[in-house]
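Residue numbers (this note's numbering): 64 to 244.
We put the beta carbon where it would ideally sit given N, CA and C, even for glycine.
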C-alpha cells in the first residue's frame, strides 16, 4: 500500500468516527510513543485517551492503526534509516501544516512515555528544543516556492533523524542486556 493511500484511508476513517486528528498527527503520536521506548500494549490506552476520550478505537480504524503502529515500530528498529513521516502529499503548504501537527504530536507521545524529556541535556535536549521551535513554523504564500520547498525538505530530514535518535536513545535503555555464559 502506498503512503498516499494509507494517508487517505486514515483520513477517511478518522473523519467517519469524528476523531479530531489528522493522519499525520496520528502517525506523529504513535512515532513519539514508540521512539520514547513504549513497546508494550499500553500504547492502546494512551491512544484511546488522546484521540477517543478514553474509548477504545474499533473497526477498520483500529485495524489501520494497528498496522501503522507495526510499520512504525519496524521502521524505527531497522538499522537502514527507512523511517519516514506520514504527511499529506497534495501541496507544499499542506505538507508544512502536516509537519507542524506531526511534530506537535510526536512531542506529545514522547512526553507521555518520557515525562522528564524536557529536562534532558545533550543531543536529546537540543533536539527537543529544536522540535519545539519547529512547531512554531509558519509560511507566507508569497515566499519563493523553491526556497520554501528546500527549507521544508531540510526540516523534514531533521525531524526524521531526531525521531530515530530518540528511538535509539530510549529503546537502548529498555533492551535487556545479554548475558554471556
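Three-state secondary structure assigned by DSSP to residue i
| i | result |
| --- | --- |
| residue 183 | coil |
| residue 65 | coil |
| residue 78 | helix |
| residue 231 | helix |
| residue 142 | coil |
| residue 119 | coil |
| residue 178 | coil |
| residue 93 | helix |
| residue 188 | helix |
| residue 101 | coil |
| residue 112 | helix |
| residue 217 | helix |
| residue 204 | coil |
| residue 33 | The structure shown does not extend to residue 33, since the chain is modelled only from 64 to 244, so the question has no answer here. |
| residue 151 | coil |
| residue 226 | helix |
| residue 131 | helix |
| residue 126 | helix |
Other residues of its chain near residue i: CB distance less than 8 Å, five sequence neighbours each side excluded
| i | result |
| --- | --- |
| residue 193 | 221 and 225 |
| residue 187 | 180, 228, 229 and 232 |
| residue 190 | 225, 228 and 229 |
Beta carbon of residue i nearer than 7 Å to that of residue j
| i | j | result |
| --- | --- | --- |
| residue 176 | residue 117 | no |
| residue 80 | residue 109 | no |
| residue 230 | residue 148 | no |
| residue 127 | residue 171 | no |
| residue 155 | residue 212 | yes |
| residue 97 | residue 135 | yes |
| residue 207 | residue 67 | no |
| residue 198 | residue 167 | yes |
Contacting residues, own chain, Cβ-Cβ under 6 Å from residue i (five flanking each side not counted)
| i | result |
| --- | --- |
| residue 132 | 93 |
| residue 90 | 149 |
Cut-off 7 Å between Cβ atoms - residues of its own chain near residue i, not counting five sequence neighbours on either side
| i | result |
| --- | --- |
| residue 150 | 87, 158, 161, 162 and 165 |
Any non-hydrogen atom of the ligand PLP closer than 6 Å to residue i Cβ
| i | result |
| --- | --- |
| residue 216 | Summarising the ligand content, the structure contains no ligands, and the ligand PLP is consequently not present. |
Assumed close pair residue i, residue j - CB separation to whole angstroms, cut-off 8 Å
| i | j | result |
| --- | --- | --- |
| residue 82 | residue 129 | Rounded, the Cβ-Cβ distance is 15 Å, inconsistent with contact. |
| residue 173 | residue 95 | 4 Å |
is_contact[residue i, chain B] using C-beta, thresh 7 Å
| i | result |
| --- | --- |
| residue 132 | Annotation note: the requested chain B is absent from the structure, which comprises a single protein chain. |
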